[in-house]
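Chains as they are written, first to last, in the working numbering: chain A, 1487 to 2567; chain B, 4 to 494. Don't be surprised by glycine CBs; every beta carbon is placed ideally from N, CA and C. Written out below as structure tokens is the structure these notes cover.
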């Protein structure tokens, strides 16, 4: 290994002369053409060299230029790059114009190389700090929503603290995975981009396809998101203080019915207490005698709402029956609680405070920041705490030697039970198993209420009848959710450190060597405690099978270290510009997990002495499991970019990787790319046309396998059976001749801007083919295996991306900018292994197996597959004699991928003081399944289970008396069926027959995601105080789900679905409001 | 471009002679064994098989033979036409056994100390082969024609479905070959979770199992298998057959390590013992489905509270009626479960005699079967004799008398139904062959109103192994993949 580094360094030096040049000192000041303000952080570069400087806080710079130099380039994000002939001047002051189209930017490209954007042969989009911080959103992924063409946010409700969803760029093309892109922060690959505080982000650059990412090789199959953090500026000390407060309120819930309450059997549930009679020959609980003669629900344990119609009359509720209750002996009123679910949730509060100090002098500058995030969730008892300390340090050791150090330390802690799977104690009950008559304020108030024998009193008590029958005081299936959340502890802690030390040395004016050492070290811990109080109130002999207490602890350590070196060359030869580099990288990953979890759902497990959370106190021995792996990838790469007359640019890159995860004799693979651009506007003198470019490229990028995918072991049982570990054959067979998967991509497009850059259009077409995918092919399990890991199959994706920038108004005091992004993508499965006509796609299935995400040969990527209502040739539903639908198994019900996504960003600046920004994003197409909705129908909770039918009666009424659900179809014999079907039969058939169809919806939406208003206090107000700037802002997030597909009757937010197939029982969406204050000293 | 790279690379490598593609042991997998251990694999197959839980793998057959009923969530009781599942048998049960056979079949195996430490290689192979046939009988009795000769081979991604007749011929041949391989004086397999390596008992098991397989074919004639002769030859084998409790094959569960009786998984509130079972055993009352009129004490280990009448099988909605709880002993995590008992084997012999396959005394065998069933149920389910099951002698006498009036085959069939409790799979295979006792299909059945004759093929097969699946379906009568189609031996 060390030898490899040595070779690399030698290699970089071979064949180059070390020439030192004489220089001339040039100084000056850079200001904004708009308002004359000094511009700190402007990059000043001698054209054709790597010699550069950065302006200080007052906009001043100083640079030593070689005698041969002719031109200085001044560039700054968001400004038009200027080139000035030096012509012997020693003082050059420059005014930069605000760029509206951002076509002249210097952008960060693969491996952190800064490039003139117009020379690029592929599409690349940058997002500014302002645009991702419209609402000071702590989640970098959702902050990107709608701001980059072709980027889809596969969201997660913001209420799931510490969980940030993921991003899908250009749809999907891998048949086996649907992953997040690679996030690179200041050159350091990181797993979770939230290790960096958003306040520290200077810009984000999105590399979408292989043409842009070829130099990252195998890691970039889902694209790359390059994050550049704010760095130090020269000049005096500057302090920035930022404080944001946001409130989250639950906003998006399904539509509930409010006519019927708990029970299974309508009005037949009403029973009058006859205390002496008891039930089924067993006596009632003595404490319930005071209800003799009162009415109650017979199926007290019913966690459905097919019970009696609300009549406003008294009845015995769960909180009336225990002597400890302040309402003991009283009666409740049988009426709907329309807002009971909404009322359950708290208002989440997010406090985010940060301070950043930066400054320095000619030789040394630094920026250090600290951010504290303190968030309470909408789920009671939940919180997120995060602290981030970051530092960017730069030391100019000499004219030629620069040392940079970047580091960020992130410490986060999340408490709360955010389970959003089927049957969890909060969302798993509310939309699936609940009563419309439950009063949430009583639950909140009576969280600690106990039964006569001291058990937890649940809303889901068996009821008088079954309580007598079973002799039980406990809940049948459910706890009071507040009780659960109060006692169940689930804490996740993270500690992440990313760091990089970079040394660069200008060997000559044209030749620079850079060496980097980087680390990304993460420590993750989860600890949960399930106390006796919970287990003791469960009824394992009946339903509620929790253990008598338990806990678990899991530690994960992951580390990625990279060592890279690069030799950069930059020169002019007559009319030619050359920028080239060669480099190498060694990446070492390691992972180590140790887990010892007690199963809290196992009635045989538990703690002997209550609430003593030590392993030696466990009823069954707790088996620890460990898992670890190492992986190493060595890479060499090179790139050359040749420009001619600033008119034509040609780029060539190549990269070779050696991966330890591949078979030893076949672990090397090479990927090339070639691209070019032609800048038409250089040939056309026109006052109308500001800029025009066409570009095209071809690239390949490959992917290897996970560390241990090919090096497999025999699985062992979790614990031995009578002293003998149980061993099993591996369920996956491995093809011995596996080779890396290969993506081949072409991309072409153009960028045009007109009318002094007030209107700009960028268009990109891409087409990508993926071959030799490494697939664990499903095969007949009669082979003794479930899968065969081999190279097989092929998929393609193509699409277009359009970005449109316009400045409809650009006046002295009013500037209005609009940016529109649009991306469409179409992914198709072209080949499957062997004779397969379908295979499992990434995304799994819902907890009840209604839909499976599946690839179908010849069809779009990721179909929902499951049963469908059978239809005849004319599309009529085929109906059984009972009025239920017939079904067909294994039907393809549509792809989860949208047809297109996009966003509109509006920004209005008034008097240079007030800024109003609104971000809208949208999506057309794609399918999702809602398991909650299925259960909500089954349990009679949702609106459609209690609406009026077309005869004017409630569907729950007896069909013979005008009620029932109107069903029209044909019988199996082909005769017309037109009748009214009992509501329970109708709404429960989908569960009984596993038919997902009514609950699969189109995922289209338009959403006003972000709105921000910020006001900068004018300088005149601040006067001569030490305060240099004050800005106050008001922000709103997720304000308005403006439109969803018509069939999405419950308004599930398709941008916040936690699962690829849809949702299982997910947390509700929130609307957020807040304000922030920013002070600069 | 690639050429340029290779040049640079070779220059680089020439400096040091180091191999950039050599990662040493970086990627070594340290998370588990790289070599198979025959003891752990054999035991793993047995425990996997015996701990299968859930409705398709444990409960559904006990509903089909009306041992249990479902109070709510009763799709299975009403014969929902679900796709079946077999991966738990093929993957990590049969594949484990195949791996053991592969390892011990290696010519070097006999001199490998790591392998012979787990028992003589012949005995290891014999037990693996016998158990493999146990599992295969299970699979083919559930589905019909299934992959057999092509199965368990990664080279064949789409294995052919063998005819059930061929599978039976193969299983019988395999068990006989294994029996011949057994050396009772050599060490038995270390990983034998059933007999602890007692090879003499494995010979008895092989013979009893051969008799069970032969009897399963009583309704069909086969050019390949002479069921009557196979039965007689197994019975006549010098190693003997299972006759006493200590020769019976039972699975023991290691609760301390989480290997629990799979019935422990069943949610007791949802299930009850049927009125059909209770009434039949008590010898009176509604819905009795047997000819019995004498109180059968074995009901004491089946029903928690014998004062209850239970609910009849097969209704969608029982309103507020009270079910009869399943006896808690069946649900205890540590209760052992039978695989093959003396009682059932005696009853197989009784049936063979009644059919004229052998010349043994039917009445004596029937009586032995009942007494042996009493003995094992008492020992396993009531070890402290708190329930005082007794020896069953009175009951046996009464049943012998019944045999005289209603017919020997009927009483034998009824007694098998009782003796096989809670082995739903075996009882269901017997019932489909004999249709004894006379069970009434669920009143609210949601298939076409018949008691299922099989499981539907796993849903994957129609896509992953399509043409062979079609061939499998064509072997059914009628040739459709439903739970009411019949397989070869079910005629």
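Between the CA atoms of residue j and residue i - distance to the nearest angstrom
| i | j | result |
| --- | --- | --- |
| residue 296(B) | residue 285(B) | 7 Å |
| residue 1507(A) | residue 1889(A) | No answer about residue 1507(A) holds up, because its pLDDT of 44 lies below 50 and its placement is not dependable. |
| residue 2033(A) | residue 2088(A) | 5 Å |
| residue 2280(A) | residue 1982(A) | 38 Å |
| residue 1782(A) | residue 1943(A) | 17 Å |
| residue 1977(A) | residue 2023(A) | 23 Å |
| residue 1679(A) | residue 1650(A) | 10 Å |
| residue 1999(A) | residue 2069(A) | 9 Å |
| residue 501(B) | residue 2200(A) | An answer regarding residue 501(B) cannot be provided, because it is not within the stretch 4 to 494 covered by chain B. |
| residue 1840(A) | residue 2343(A) | 52 Å |
| residue 2411(A) | residue 2532(A) | 12 Å |
| residue 1589(A) | residue 1831(A) | Legend: pLDDT at residue 1589(A) = 44, less than 50; position of this residue unreliable, no value from coordinates given. |
Limits of the beta strand (DSSP E) - the one that residue i falls within
| i | result |
| --- | --- |
| residue 2216(A) | Per DSSP, residue 2216(A) belongs to no beta strand (DSSP E) and is neither H nor E. |
| residue 2313(A) | 2300–2317 |
| residue 1532(A) | 1529–1532 |
| residue 2523(A) | 2515–2530 |
| residue 1756(A) | 1756–1758 |
Span of the alpha helix (DSSP H), counted from its first residue to its last, around residue i
| i | result |
| --- | --- |
| residue 1696(A) | 1696–1699 |
| residue 3(B) | The displayed coordinates of chain B run from 4 to 494. Any statement about residue 3(B) would go beyond what the structure contains. |
| residue 411(B) | 411–422 |
| residue 2115(A) | Run containing residue 2115(A): none in the alpha helix (DSSP H); it sits in the beta strand (DSSP E), 2111–2130. |
| residue 116(B) | 116–119 |
| residue 205(B) | 202–219 |
| residue 1827(A) | 1826–1830 |
Among the options, the one whose alpha carbon lies nearest that of residue i
| i | options | result |
| --- | --- | --- |
| residue 1575(A) | 1512(A), 1627(A), 2192(A), 1566(A) | 1512(A) |
| residue 68(B) | 449(B), 462(B), 424(B), 74(B) | 424(B) |
| residue 2181(A) | 2526(A), 1604(A), 1776(A) | 1604(A) |
| residue 2392(A) | 1767(A), 1632(A), 2413(A) | 1632(A) |
| residue 66(B) | 347(B), 469(B), 443(B) | 443(B) |
| residue 2084(A) | 2076(A), 2078(A), 2094(A) | 2094(A) |
| residue 223(B) | 239(B), 75(B), 167(B), 269(B) | 167(B) |
| residue 72(B) | 270(B), 134(B), 310(B), 231(B) | 270(B) |
| residue 93(B) | 2099(A), 2208(A), 2217(A) | 2217(A) |
| residue 1958(A) | 2459(A), 2386(A), 1786(A) | 1786(A) |
Integer Cβ distance of residue i from residue j, believed to fall under 8 Å
| i | j | result |
| --- | --- | --- |
| residue 267(B) | residue 315(B) | Not a contact, Cβ separation roughly 26 Å. |
| residue 88(B) | residue 461(B) | 5 Å |
| residue 2256(A) | residue 1660(A) | 6 Å |
Quick check: the stretch 2177–2195 of chain A against the stretch 2224–2240 of chain A, are there 3 or more CB pairs under 8 Å?
Yes, they touch.
At a cut of 8 Å, does the stretch 2517–2530 of chain A reach the stretch 2500–2509 of chain A through at least three beta carbon pairs?
yes
Closer than 8 Å is the cut-off here; do at least three beta carbon pairs connect the stretch 129–149 of chain B with the stretch 75–82 of chain B?
no
Tell me whether the stretch 472–492 of chain B and the stretch 327–343 of chain B touch, counting them as touching only if at least three CB pairs, one residue from each stretch, are closer than 8 Å.
no
Validate contact between the stretch 2421–2438 of chain A and the stretch 2350–2368 of chain A using beta carbons, cut 8 Å, 3 pairs:
no
contact_flag[the stretch 2111–2127 of chain A, the stretch 41–54 of chain B] where n(CB pairs < 8 Å) is 3 or more:
no
Is there contact between the stretch 237–252 of chain B and the stretch 202–210 of chain B, where contact requires at least three CB pairs shorter than 8 Å?
yes
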